[in-house]
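Undergrad:
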Amino acid sequence: MNFLAFVFSLVFIASTSCSFFPLNKNGEVPLDIEPYDIGQSVYFGCNARDIDKNGEHKFDDKGDLVFTNFPICKETGKPLSFHYGMNEDIQCTIVFSDELYHLFQIYVHQDAPFSCRIPLSTEKDSLEKGGASIPLNFNFRGEIHESHLLVDTSLNVLLTTPSAKNKQEQTIVSAIAWSSSTNTTRVVIGSEVTFDFAVRWFNNLKNTGSSSDQGKQLPFHDGFYMLPKSTIPMSYKMFSFYLLVTSIVTSVIILACCYKSINVKLEHNKYKDF
Numbered sequence: 194m195n196f197l198a199f200v201f202s203l204v205f206i207a208s209t210s211c212s213f214f215p216l217n218k219n220g221e222v223p224l225d226i227e228p229y230d231i232g233q234s235v236y237f238g239c240n241a242r243d244i245d246k247n248g249e250h251k252f253d254d255k256g257d258l259v260f261t262n263f264p265i266c267k268e269t270g271k272p273l274s275f276h277y278g279m280n281e282d283i284q285c286t287i288v289f290s291d292e293l294y295h296l297f298q299i300y301v302h303q304d305a306p307f308s309c310r311i312p313l314s315t316e317k318d319s320l321e322k323g324g325a326s327i328p329l330n331f332n333f334r335g336e337i338h339e340s341h342l343l344v345d346t347s348l349n350v351l352l353t354t355p356s357a358k359n360k361q362e363q364t365i366v367s368a369i370a371w372s373s374s375t376n377t378t379r380v381v382i383g384s385e386v387t388f389d390f391a392v393r394w395f396n397n398l399k400n401t402g403s404s405s406d407q408g409k410q411l412p413f414h415d416g417f418y419m420l421p422k423s424t425i426p427m428s429y430k431m432f433s434f435y436l437l438v439t440s441i442v443t444s445v446i447i448l449a450c451c452y453k454s455i456n457v458k459l460e461h462n463k464y465k466d467f
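Under the numbering used here, the very last position in the sequence shown is 467; numbers go up by exactly one each time.
#1: Within its chain, find whatever has a CB closer than 7 angstroms to the CB of residue 250; leave out the 5 residues flanking it on each side and keep chain order.
#2: Just to confirm, are residue 307 and residue 289 a CB contact at a threshold of 9 angstroms?
#3: Looking at residue 290 and the ligand ADP, is the gap between the Cβ and the nearest heavy atom below 8 angstroms?
#4: From residue 341 to residue 379, what does the alpha carbon distance come to, in whole angstroms?
#5: Between residue 382 and the rest of its own chain, which residues show a CB-CB distance below 8 angstroms, the 5 nearest in sequence each way excluded?
#6: Taking residue 398 as the reference, which of 449, 255, 351 and 298 has the closest Cα?
#7: Buried or exposed: where does residue 412 fall if 16 or more other Cβ atoms within 10 Å of its Cβ makes it buried?
#8: How about the region 268-285 and the region 369-376: do they share at least three Cβ pairs that are nearer than 8 angstroms?
#9: Leaving out five residues on either side along the sequence, give the residues of the same chain with a beta carbon under 8 angstroms from the beta carbon of residue 197.
#10: Short check: CB of residue 367 to CB of residue 418, under 9 angstroms?
#11: Near residue 311, what residues of its chain come up, given a Cβ to Cβ distance below 7 angstroms and the 5 sequence neighbours on each side ignored?
#12: I'd like the ranges of any beta strand (DSSP E) spanning at least 3 consecutive residues and lying wholly in the region 220-276.
#13: What residue range is occupied by the uninterrupted beta strand (DSSP E) comprising residue 388?
#14: Relative to the alpha-carbon of residue 390, which residue among 260, 276, 281 and 264 has its alpha-carbon at the smallest distance?
#15: Using the three-state DSSP reduction, which class does residue 373 fall into: helix, strand or coil?
#16: Please determine, among 394, 213 and 316, the residue with the shortest C-alpha to C-alpha distance to residue 420.
#17: Between which two residues does the beta strand (DSSP E) harbouring residue 342 extend?
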């Protein structure tokens with residue numbers, strides 16, 4: 194009896210040890226998602242925090258977390274956003290209000306994270322309807338001084354997408370952003386500070402340990418989207434394009450350099466000039 198109980202416990206553990214992420218608000222796998230288009234704007238909301246309570250979450254009357262937009266970028270007049278599947282370098286100049294300045298004190302000191310969420314689906318008001326989302330944390334580093342902050346304003350942003358070429362699976366698997374330079378900017382209340390974001394998309398990572406082939410219904414292939422041991426800083430599609438262009442340009446240059454020599458040989462062999 195004890196042996197059978199042990200076997201059943203192993204089966205139970207195996208069946209419950211792995212569950213899909215992310216789930217919607219009802220704890221269900223989000224099967225019906227509206228995919229992103231290449232180049233489509235990717236917006237995200239961030240946790241509203243109370244500076245009087247050391248950065249604790251703000252809640253609405255229903256007890257739900259309150260989310261707000263990323264600060265407005267002076268360049269666009271809109272909150273920061275990315276373009277799906279497109280590697281780009283973005284500048285975003287924001288004005289440090291009194292509240293934002295004190296929030297950054299909390300972020301830099303790591304008392305609370307600058308945590309945001311990206312909708313898994315492009316459906317209108319997806320998150321308000323209880324849809325699933327992917328977390329995006331901005332890790333700002335720097336120093337806190339009595340009269341000012343020193344903030345590293347140069348950030349790498351990495352976003353992973355499903356590797357399948359099925360358009361219906363064009364969504365986001367994971368995202369992270371972190372300061373990654375050796376320079377800091379002095380910030381005081383009222384400062385206009387320009388942040389540089391190097392946004393890179395990994396769209397060809399091989400997922401390992403997938404259970405999608407076992408009959409499970411999922412919005413995209415699951416498993417571990419693992420970074421390779423050696424990478425190139427661009428998508429393989431873009432790398433192939435650059436390789437093709439380089440080959441064509443090289444061929445044209447070689448032909449131009451050898452044109453006279455080829456003509457001499459053709460004339461010597463009584464062929465017409467070309």
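The beta carbon of each residue, even a glycine, is placed where N, CA and C say it ideally should be.
TA: According to the structure shown:
#1: Against the sequence shown, residue 250 aligns to sequence position 57. Only 240, 242 and 258 meet the Cβ criterion.
#2: Here residue 307 refers to the residue found at position 114 when the sequence shown is read from its first residue. Here residue 289 refers to the residue found at position 96 when the sequence shown is read from its first residue. Their beta carbons are not under 9 angstroms apart, which means residue 307 does not touch residue 289 by this criterion.
#3: This structure simply doesn't include the ligand ADP, nor any ligand for that matter.
#4: Mapped onto the sequence shown, residue 341 falls at position 148. Mapped onto the sequence shown, residue 379 falls at position 186. So the alpha carbons of these two residues sit roughly 7 angstroms apart.
#5: Walking along the sequence shown from the start, residue 382 turns up at place 189. Beyond the five residues adjoining it in sequence on each side, residue 382 comes within less than 8 angstroms, by CB distance, of 289, 290, 291 and 294 in the same chain, given in chain order.
#6: Mapped onto the sequence shown, residue 398 falls at position 205. For residue 398, the nearest C-alpha among the options comes from 351.
#7: Position 219 of the sequence shown, counted from the first residue, corresponds to residue 412. Under this definition residue 412 is a buried residue.
#8: Using a C-beta cut-off of 8 angstroms, the region 268-285 makes no contact with the region 369-376, since fewer than three inter-stretch Cβ pairs fall below that distance.
#9: Residue mapping note: residue 197 aligns to position 4 of the sequence shown, counting from 1. Reliability of the predicted coordinates at residue 197 is poor, the pLDDT of 47 falling under 50, and the value obtained from them is presented with this limitation in mind. So no residue of the chain qualifies.
#10: One-based indexing of the sequence shown puts residue 367 at position 174. One-based indexing of the sequence shown puts residue 418 at position 225. It is a contact, given that the beta carbons lie within the stated cut-off.
#11: Counted from its first residue, the sequence shown places residue 311 at position 118. So the qualifying residues of the chain are 235, 237, 326, 327, 329, 365 and 368.
#12: 238-240 and 260-262
#13: Indexing the sequence shown from 1 puts residue 388 at position 195. Unbroken beta strand (DSSP E) run through residue 388: 385-395.
#14: Position 197 of the sequence shown holds residue 390. Of 260, 276, 281 and 264, the residue nearest in Cα terms is 281.
#15: Taking the first residue of the sequence shown as position 1, residue 373 is located at position 180. It is coil, neither helix nor strand.
#16: For the purposes of this step, residue 420 is taken as residue 227 along the sequence shown, with counting starting at 1. Minimum Cα-Cα distance from residue 420 among the listed residues 394, 213 and 316 corresponds to 394.
#17: By 1-based counting over the sequence shown, the position of residue 342 is 149. From DSSP, the beta strand (DSSP E) with residue 342 extends over 342-344.
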